[in-house]
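Chemist: Sending over a structure as structure tokens; questions will come in a sec.
Protein chains: 6
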Amino acid sequence: MTDFTQKTQGPFADIAPALDQLTQQVLFGEVWERRELTKRDRSLVTVAALIAQYRINELPFHLKFAQQNGVTRDELIELITHLAFYAGWPAASTAVGITRKVFAENS
Amino acid sequence: MTDFTQKTQGPFADIAPALDQLTQQVLFGEVWERRELTKRDRSLVTVAALIAQYRINELPFHLKFAQQNGVTRDELIELITHLAFYAGWPAASTAVGITRKVFAENS
Amino acid sequence: MTDFTQKTQGPFADIAPALDQLTQQVLFGEVWERRELTKRDRSLVTVAALIAQYRINELPFHLKFAQQNGVTRDELIELITHLAFYAGWPAASTAVGITRKVFAENS
Amino acid sequence: MTDFTQKTQGPFADIAPALDQLTQQVLFGEVWERRELTKRDRSLVTVAALIAQYRINELPFHLKFAQQNGVTRDELIELITHLAFYAGWPAASTAVGITRKVFAENS
Amino acid sequence: MTDFTQKTQGPFADIAPALDQLTQQVLFGEVWERRELTKRDRSLVTVAALIAQYRINELPFHLKFAQQNGVTRDELIELITHLAFYAGWPAASTAVGITRKVFAENS
Amino acid sequence: MTDFTQKTQGPFADIAPALDQLTQQVLFGEVWERRELTKRDRSLVTVAALIAQYRINELPFHLKFAQQNGVTRDELIELITHLAFYAGWPAASTAVGITRKVFAENS
């Protein structure tokens, strides 16, 4: 499946080239491009998984990427509100703080 | 399946009436009914949070509820495939097993 | 239920004797016996940690042990209701199901 | 149940008003006020859930709130020591670091 | 047990063919075959990740696979004992229970 | 088992002396010294558990300790690449960032 012809390098290329290649070619090159789910749906699902797992370092990138993929700011806030119930208030609280910063930097 | 627009008793009423009331009135009565996010989007987000957190007991209900809310079976499978990368293969593997059963019971 | 003040063998002795010894002597023999926190407080904290981490297999023992240590059934139910907010509804939902069974078996 | 008459605004009001309202009115306005569990017990349980889930951003507030609710500094340290066993040494290690800072800022 | 050097269909092929292909070709076909880490090391690391995340459904397969890859039974028991400290006693307790069963079925 | 004669003080001695003693005497004094698993194996397992649980504060110490115990830099990178699949891409991504810093500080 994987066509290991080089596309572009990603953020892990300097220190973890194999992981970088898997990220660029398999994750972004193949999975995100599959038509079975829209990019907007993939972003909703990805942001939800990051918030639920408290993956604080990866959230800023995916909050911006979600907006590129058509999720509005109001929808991101509502997603966090919804997840307060399904991942707990602390996860939602941290997500609000990160989102506030991401929105401020990009307005 | 329960019609959650009715503010009737839910599954915790026998033993945890306060939690049941919060579930029926706040979570299903208010949050799920808010217009800022469609029910289909809420289901995508909820199922993603459950898979990412390995909440195996709550997944069957929400896989069925997601289908009521307009998520197709193919989309659910694709969501799990996507989450293999964002929550790890073990979480996806367990989600496949549960989904297989839920689909079989309802076909 | 096991009387943990006795430094006898515990449930891991058959297959994991070193872990068993650490459990019986350090965890139950020393830590649970320290006076800086009452056993009732330790049980509240332990049950909370188990629910928040979805440690479903260890919960039945500690729900019973908590009652031995002075936590009432109503307090356990209220603890779960409180944790719905701090660990998410799915964790609380599973805790209710396990607690219902534990209470039924011991009434 | 929820009386959606405004009480006071909380920390999410600027960007997530619905979550803020749920926090102020349902979580703090209702749940924390219920008599079925004392505020001291609720704080023990909340701090335990935060440590066990590695919710590092929410821990400072709840360490201070726990002291307001009657948990002593020695009891907080003992709670962390106990949770080293039930949530793992890394969670306890991080909790010690945060607690050290919180105590230093408030002495 | 499946011989994963063959790029045949795996356990998800019936319902999630894309995930199955990624599993067989990328995860088992490429990653597990990379020389930068021995299979024994990969098994230690995989079993540790499963125990730490309480991935109870995936543990039996990887306990057996670890033995195929040269991890002894005594080493698996010691790994669990070690992880009691790094992932908490409840995770270790569940791992002991699953390991006991896996060993019994294969002796 | 525990010989509570003082060895050396560790990082928690100032504020959590009992936890410090357990850490120095039981965890490092006994468990890490057991022969049933080499220190290199223990480090692989510990680093895997930390990455899988997103224990970001404890990772720098154990990345250095792993190198002392014979795990090479290339093996640490490969371990992270492997865990991208078993703990999810976000956990691996954060581990790469921390590892990059640790390697830079010690070269």
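Sequence lines, in order, name chains E, W, R, Z, Y and G.
Per UniProt numbering, residue 1 is the first one in the first sequence, and the count goes up by one each step.
Per UniProt numbering, residue 1 is the first one in the second sequence, and the count goes up by one each step.
Per UniProt numbering, residue 1 is the first one in the third sequence, and the count goes up by one each step.
Per UniProt numbering, residue 1 is the first one in the fourth sequence, and the count goes up by one each step.
Per UniProt numbering, residue 1 is the first one in the fifth sequence, and the count goes up by one each step.
Per UniProt numbering, residue 1 is the first one in the sixth sequence, and the count goes up by one each step.
C-beta atoms are modelled at their ideal positions from N, C-alpha and C, and glycine is treated no differently.
Since this is a predicted model, take the numbers as computed values, not measurements.
1. Quick one, are the C-beta atoms of valine 71 (chain Z) and serine 43 (chain Z) less than 8 Å apart?
2. If you pair each beta-carbon of the segment 84-103 of chain G with each one of the segment 80-91 of chain W, do three or more pairs fall below 8 Å?
3. Would glutamine 53 (chain E) and proline 90 (chain G) be called neighbours here (beta carbons separated by less than 8 Å)?
4. Is any beta-carbon of chain Y found at less than 8 Å from that of aspartate 3 (chain G)?
5. If I measure Cβ to Cβ from leucine 59 (chain W) and keep anything under 6 Å in the same chain, skipping five residues before and after, which residues do I get?
6. For aspartate 74 (chain E), which residues of its own chain have a beta-carbon under 8 Å away from its beta-carbon, when the five flanking residues on both sides are left out?
7. Using CA coordinates, which residue listed in R:Glu30, R:Arg100, R:Phe12 and R:Leu19 is at the minimum distance from isoleucine 80 (chain R)?
8. In whole angstroms, give me the CA-to-CA distance for glutamate 36 (chain Z) and alanine 18 (chain W).
9. Cβ of alanine 13 (chain E) within 8 Å of Cβ of valine 96 (chain G)?
10. Going along chain W, which residues have a C-beta under 9 Å from glycine 88 (chain G)?
11. So, helix, strand or coil for phenylalanine 4 (chain Z), using DSSP?
12. Hey, leucine 63 (chain E) and valine 102 (chain E): beta-carbon distance below 8 Å or not?
13. Drop a sphere of 10 angstroms on the beta-carbon of serine 93 (chain R), count the other beta-carbons inside from all chains shown, and report buried for 16 or more, exposed for fewer.
14. Of all Cβ atoms in chain Y, is any one closer than 8 Å to the Cβ of glutamate 105 (chain R)?
15. By the 10 Å Cβ neighbour count, where 16 or more other Cβ atoms means buried, how is glutamine 68 (chain Z) classified, buried or exposed?
16. Quick check on the DSSP output: the alpha helix (DSSP H) that includes isoleucine 51 (chain E) runs from which residue to which?
17. Any Cβ of chain Y within less than 8 Å of the Cβ of valine 26 (chain E)?
18. In chain Y, which residues lie less than 8 Å from arginine 100 (chain W) when you measure between Cβ atoms?
19. Between the alpha carbons of residue 156 (chain Z) and arginine 55 (chain Y), how many angstroms are there, rounded?
20. Quick one: list the residues of chain Z neighbouring leucine 19 (chain G), beta-carbon separation under 8 Å, in chain order.
21. Asparagine 69 (chain E) versus chain G: which residues are under 8 Å apart at the beta carbon?
22. Which of the three DSSP states, helix, strand or coil, is assigned to valine 71 (chain G)?
23. Would you report the Cα separation of glycine 29 (chain Z) and phenylalanine 61 (chain Z), rounded to the nearest angstrom?
24. Which residue from G:Glu33, G:Gln9 and G:Leu76 puts its Cα closest to that of threonine 38 (chain Y)?
25. Going by DSSP, what residue range makes up the alpha helix (DSSP H) through proline 17 (chain W)?
26. Can you give me the C-alpha to C-alpha distance between serine 107 (chain Y) and threonine 8 (chain Y), rounded to a whole angstrom?
27. Buried or exposed: where does glutamate 78 (chain G) fall if 16 or more other Cβ atoms within 10 Å of its Cβ makes it buried?
28. Please confirm whether leucine 22 (chain Y) has its beta-carbon closer than 8 Å to some beta-carbon of chain W.
29. According to DSSP, is arginine 55 (chain R) helix, strand or coil?
30. Let's test the definition: count the other Cβ atoms within 10 Å of the Cβ of threonine 5 (chain W) and tell me whether it reaches 16, buried, or not, exposed.
31. How would you call alanine 104 (chain Y), buried or exposed, if buried means at least 16 neighbouring beta carbons within 10 angstroms?
32. Determine the contact status of alanine 66 (chain G) and alanine 48 (chain Y), defining contact as a CB-CB distance below 8 Å.
33. For arginine 35 (chain E), go through chain Y and note every residue whose CB falls closer than 9 Å to its CB, in chain order.
Modeler: Reading it off the structure:
1. Position 71 of the fourth sequence, counting from 1, holds the residue named residue 71 (chain Z). Position 43 of the fourth sequence, counting from 1, holds the residue named residue 43 (chain Z). Closer than 8 Å, so yes.
2. Judged by Cβ distances under 8 Å, the segment 84-103 of chain G makes contact with the segment 80-91 of chain W, as three or more pairs qualify.
3. Taking the first sequence and counting its residues from 1, one reaches residue 53 (chain E) at position 53. Taking the sixth sequence and counting its residues from 1, one reaches residue 90 (chain G) at position 90. The answer is yes: Cβ separation under 8 Å.
4. Here residue 3 (chain G) corresponds to residue number 3 of the sixth sequence, with the count starting at 1. Residue confidence for aspartate 3 (chain G) is low, a pLDDT of 45 falling below 50, so the modelled location carries little weight and cannot support an answer.
5. The residue labelled residue 59 (chain W) in the question sits at position 59 within the second sequence. Excluding positions up to five away in sequence, the list reads Leu50 and Ile98.
6. On the first sequence, residue 74 (chain E) is found 74 positions in, with the first residue counted as 1. Closer than 8 Å at Cβ, skipping near neighbours: no residue.
7. Along the third sequence, read from residue 1 onward, the residue named residue 80 (chain R) stands at position 80. Considering only alpha carbons, the answer is R:Arg100.
8. Working through the fourth sequence from its first residue, we reach residue 36 (chain Z) at position 36. Working through the second sequence from its first residue, we reach residue 18 (chain W) at position 18. Straight-line Cα distance between these residues: approximately 11 Å.
9. Indexing the first sequence from 1 puts residue 13 (chain E) at position 13. Indexing the sixth sequence from 1 puts residue 96 (chain G) at position 96. The answer is no: Cβ separation not under 8 Å.
10. Position 88 of the sixth sequence, counting from 1, holds the residue named residue 88 (chain G). Per Cβ cutoff of 9 Å: Ala52, Leu83, Ala84, Phe85, Tyr86, Ala87, Gly88, Trp89 and Ala91.
11. For this step, residue 4 (chain Z) is matched to residue 4 along the fourth sequence. Here phenylalanine 4 (chain Z) scores only 44 on pLDDT, less than 50, and its place in the model is too uncertain to base an answer on.
12. Here residue 63 (chain E) refers to the residue found at position 63 of the first sequence. Here residue 102 (chain E) refers to the residue found at position 102 of the first sequence. Result yes, Cβ atoms of leucine 63 (chain E) and valine 102 (chain E) sit closer than 8 Å.
13. Counted from its first residue, the third sequence places residue 93 (chain R) at position 93. Counting the other Cβ atoms within 10 Å of the Cβ of serine 93 (chain R) gives 16 or more, which makes it buried.
14. Working through the third sequence from its first residue, we reach residue 105 (chain R) at position 105. By this cut-off, glutamate 105 (chain R) is not an interface position.
15. As a working mapping, residue 68 (chain Z) is identified with position 68 in the fourth sequence. Exposed.
16. In the first sequence, residue 51 (chain E) corresponds to position 51, counting from 1. Counting along the chain, the alpha helix (DSSP H) containing isoleucine 51 (chain E) begins and ends at 39-52.
17. Within the first sequence, numbered from 1, the residue matching residue 26 (chain E) stands at position 26. Closer than 8 Å to some Cβ of chain Y, the Cβ of valine 26 (chain E) qualifies, so yes.
18. One-based indexing of the second sequence puts residue 100 (chain W) at position 100. Ordered by position in chain Y, the residues that pass the 8 Å Cβ test against arginine 100 (chain W) are Asp14 and Ile15.
19. Since the displayed chain Z opens at 1 and closes at 107, residue 156 (chain Z) lies outside it and no answer follows.
20. Counting from 1 along the sixth sequence, the entry for residue 19 (chain G) is found at position 19. What leucine 19 (chain G) touches in chain Z: Ile77, Ile80, Thr81, Ala84, Ala92 and Val96.
21. The residue labelled residue 69 (chain E) in the question sits at position 69 within the first sequence. Those within 8 Å of asparagine 69 (chain E) in chain G number zero; the least Cβ separation is about 17 Å.
22. The residue labelled residue 71 (chain G) in the question sits at position 71 within the sixth sequence. Correct three-state label for valine 71 (chain G): coil.
23. As a working mapping, residue 29 (chain Z) is identified with position 29 in the fourth sequence. As a working mapping, residue 61 (chain Z) is identified with position 61 in the fourth sequence. Rounded to whole angstroms, glycine 29 (chain Z) to phenylalanine 61 (chain Z) spans 17 Å at the Cα level.
24. The residue you call residue 38 (chain Y) lines up with position 38 of the fifth sequence. The candidate whose alpha carbon is nearest that of threonine 38 (chain Y) is G:Leu76.
25. One-based indexing of the second sequence puts residue 17 (chain W) at position 17. It spans 17-21 - the alpha helix (DSSP H) in which proline 17 (chain W) sits, taken as one unbroken run.
26. Locating residue 107 (chain Y) in the fifth sequence gives position 107, counting from the first residue. Locating residue 8 (chain Y) in the fifth sequence gives position 8, counting from the first residue. Distance between the alpha carbons of serine 107 (chain Y) and threonine 8 (chain Y): 28 Å.
27. In the sixth sequence, counting from the first residue as 1, residue 78 (chain G) sits at position 78. Per the 10 Å Cβ criterion, buried.
28. Against the fifth sequence, residue 22 (chain Y) aligns to sequence position 22. Taking Cβ atoms only, chain W reaches closer than 8 Å to leucine 22 (chain Y), which makes this a yes.
29. Residue mapping note: residue 55 (chain R) aligns to position 55 of the third sequence, counting from 1. Residue state, collapsed to three classes: coil.
30. What you label residue 5 (chain W) is simply residue 5 of the second sequence in a count that begins at 1. For threonine 5 (chain W), the pLDDT reaches just 48, beneath the cut-off of 50, and the residue's location in the model is therefore unreliable, leaving the point undetermined.
31. Numbered from 1 along the fifth sequence, position 104 holds the residue referred to as residue 104 (chain Y). So alanine 104 (chain Y) ends up on the exposed side.
32. Along the sixth sequence, read from residue 1 onward, the residue named residue 66 (chain G) stands at position 66. Along the fifth sequence, read from residue 1 onward, the residue named residue 48 (chain Y) stands at position 48. It is not a contact, given that the beta carbons lie outside the stated cut-off.
33. As a working note, residue 35 (chain E) is residue 35 in the first sequence. Chain Y residues near arginine 35 (chain E): none, gap ~11 Å exceeds 9 Å.
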